[in-house]
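Asker:
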Amino acid sequence: MGDDSVVSRLGSMKALLGIVAGAGASYGIYKLVFGRAGDAGVNRKKSAKSVTIQPGSLMAKVSGFKVVSESDNLDPTADAKSSDVFSKSAASLEPRHLSMLLSLLQSSPNPEERRKVLVTLGNAAAFTVNQDLLREFGGLHIIAGFLSDPSPELRVQTLNALNNLSMNIRNQEQLKIYVSSVMQMIEMSPVNSDLQLAALRLLTNLSVTDNHQHLMKKSITLLLSLLVVSNEVLQIQVLKVLVNLSSNPDLMDDIVQAQAPASLILLFDGCTSTSVLLRLLFFVGNLRSWRPSAQVAEALRRRQDSLYCVLLDGSSQLHRKLPLLLSHPDEEVKSQVARLLT
1 MGDDSVVSRL GSMKALLGIV AGAGASYGIY KLVFGRAGDA GVNRKKSAKS
51 VTIQPGSLMA KVSGFKVVSE SDNLDPTADA KSSDVFSKSA ASLEPRHLSM
101 LLSLLQSSPN PEERRKVLVT LGNAAAFTVN QDLLREFGGL HIIAGFLSDP
151 SPELRVQTLN ALNNLSMNIR NQEQLKIYVS SVMQMIEMSP VNSDLQLAAL
201 RLLTNLSVTD NHQHLMKKSI TLLLSLLVVS NEVLQIQVLK VLVNLSSNPD
251 LMDDIVQAQA PASLILLFDG CTSTSVLLRL LFFVGNLRSW RPSAQVAEAL
301 RRRQDSLYCV LLDGSSQLHR KLPLLLSHPD EEVKSQVARL LT
């Protein structure tokens, strides 16, 4: 193939980037501190790369992913006219366009170009037909390969694309292998960073059904700890995952035994955002549907830092705080509290 043809092909592929639309920003990462008051010392402006692992924290080293090689289904010689591409929306992209974008994503040395491709693929993945095509082209693993990219912005756009792709049940079967790495990314990232929120959104989709919830059961303490140090937007996303997980009876033993910060009880207060408080009450309602045997309950009582002792045991401060919420101005909050008290 001549040089002119190669230049023409690359120019055509880059023209695809004209359809890029903005993807939603997110917030994210946490630092777990038990046995300390106030959660002081959290630097919310640090990048994931500059986070220092503190003694006693749960931070783990993020393992990288190898970029999956180009699928046999991809056609690297696919071409498209610039005039065709500029006239198309993300919904009307053709298979050849998606194939070219995946090829460009793997071959481009330009981080900004890769970011634009990921945004474009993420927008295209909002449509079912493209979700299926990207899976068939091997695109899920190609995109997921950028979870280990050194650029936080590229990792955010990767998570956004995977989030849309995960709305497809068949895609979830391929994406489940990345749950552990996404959890590690949450643990390593700065509190309330875009990375954390994007990662939690992906986990929310993957936890909607009980097919892959068991992959998250070892991260309950991480989620509970994040809940008490994050902002409202992040708290809501954390609680979406926790409510999903606590709806699965098979996970309840793991959830109630998880280590929980004592400060969790402080969120059951009229000063807490109504959106957060409602989800907390739903979470507690799910927990209360679990009935331990007398032997199990006694064993849990010996672990004063377990979620069982913090929220469920007879000695929990929650029993004192719930009646106070009956005077909450929101009717749904009062209704949920009344249900828990009956």
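Quick note, the sequence shown lines up with residues 1 to 342 if you use UniProt numbering. The beta-carbon is built from N, C-alpha and C at its ideal position, and this holds for glycine as well.
Which full runs of the alpha helix (DSSP H) of 4+ residues lie inside the region 219 to 267, going along the chain?
Answerer: 220 to 229, 232 to 246, 252 to 257
Asker: Pick helix, strand or coil for residue 132, following the three-state DSSP scheme.
Answerer: In the sequence shown, counting from the first residue as 1, residue 132 sits at position 132. Helix at residue 132.
Asker: Please report the straight-line C-alpha distance between residue 130 and residue 290, rounded to a whole angstrom.
Answerer: Working through the sequence shown from its first residue, we reach residue 130 at position 130. Working through the sequence shown from its first residue, we reach residue 290 at position 290. Approximately 41 Å between the Cα atoms of the pair.
Asker: Who does residue 306 pair with in a DSSP beta bridge?
Answerer: Along the sequence shown, one-based indexing puts residue 306 at 306. BP columns for residue 306 point to 259.
Asker: Leaving out five residues before and five after residue 321 in sequence, what residues of the same chain have Cβ atoms less than 6 Å from its Cβ?
Answerer: In the sequence shown, residue 321 corresponds to position 321, counting from 1. Residues 268 of the same chain have their beta carbon placed closer than 6 Å to that of residue 321, with the five preceding and five following residues left out of the count.
Asker: How do the region 284 to 304 and the region 325 to 335 stand: do at least 3 beta-carbon pairs fall below 8 Å, yes or no?
Answerer: no
Asker: Could you tell me the alpha carbon to alpha carbon distance between residue 122 and residue 91, rounded to whole angstroms?
Answerer: By 1-based counting over the sequence shown, the position of residue 122 is 122. By 1-based counting over the sequence shown, the position of residue 91 is 91. Between residue 122 and residue 91, the C-alpha separation is close to 11 Å.
Asker: On a CA-only basis, which of 174, 109, 149, 163 is nearest residue 138? Give me that one, please.
Answerer: Numbered from its first residue, the sequence shown carries residue 138 at position 138. That would be 174, whose Cα lies nearest to the Cα of residue 138.
Asker: Pair every Cβ in the region 195 to 206 with every Cβ in the region 138 to 157, then say whether three or more of these pairs are closer than 8 Å.
Answerer: yes
Asker: Helix, strand or coil, according to DSSP, for residue 160 in the structure here?
Answerer: As a first step, residue 160 is located in the sequence shown; it is residue number 160 there, counting from the start. Helix at residue 160.
Asker: Nearest to residue 262 by alpha carbon, out of 312, 176, 115?
Answerer: As a position in the sequence shown, residue 262 is number 262, starting the count at 1. Checking every option, the nearest Cα to that of residue 262 belongs to 312.
Asker: Are residue 98 and residue 124 touching if we call contact CB-CB under 8 Å?
Answerer: Translated into the one-based positions of the sequence shown, residue 98 becomes position 98. Translated into the one-based positions of the sequence shown, residue 124 becomes position 124. The answer is yes: Cβ separation under 8 Å.
Asker: Once you ignore the five residues that flank residue 300 on each side, which residues in its own chain have a CB closer than 6 Å to its CB?
Answerer: Locating residue 300 in the sequence shown gives position 300, counting from the first residue. Around residue 300: 306, 308.
Asker: Can you give the Cα-Cα distance for residue 274 and residue 330, rounded to whole angstroms?
Answerer: For the purposes of this step, residue 274 is taken as residue 274 along the sequence shown, with counting starting at 1. For the purposes of this step, residue 330 is taken as residue 330 along the sequence shown, with counting starting at 1. Going from the Cα of residue 274 to the Cα of residue 330 covers about 7 Å.
Asker: Output needed for residue 140: all residues of its chain with C-beta closer than 7 Å, excluding positions within five of it in sequence on either side, in chain order.
Answerer: Mapped onto the sequence shown, residue 140 falls at position 140. Hits under 7 Å: 134, 165, 171, 174, 175.
Asker: Closest Cβ-Cβ distance between residue 126 and chain C: below 8 Å?
Answerer: Checking the listed chains, one finds no chain C in this structure; it contains a single protein chain.
Asker: Is residue 194 helix, strand or coil by DSSP?
Answerer: Against the sequence shown, residue 194 aligns to sequence position 194. Note: residue 194 maps to helix in three-state DSSP.
Asker: Going by beta carbon distance, what residues of the same chain come within less than 8 Å of residue 257, once the five residues before and after it are set aside?
Answerer: Residue numbering aside, residue 257 sits at position 257 when the sequence shown is read from its first letter. Residues of the same chain with a CB within less than 8 Å of the CB of residue 257, apart from the 5 flanking positions on each side, are 300, 303, 306, 307, 308 in chain order.
Asker: The alpha helix (DSSP H) spanning residue 283 covers which residue range?
Answerer: Position 283 of the sequence shown, counting from 1, holds the residue named residue 283. Residues 274 to 288.
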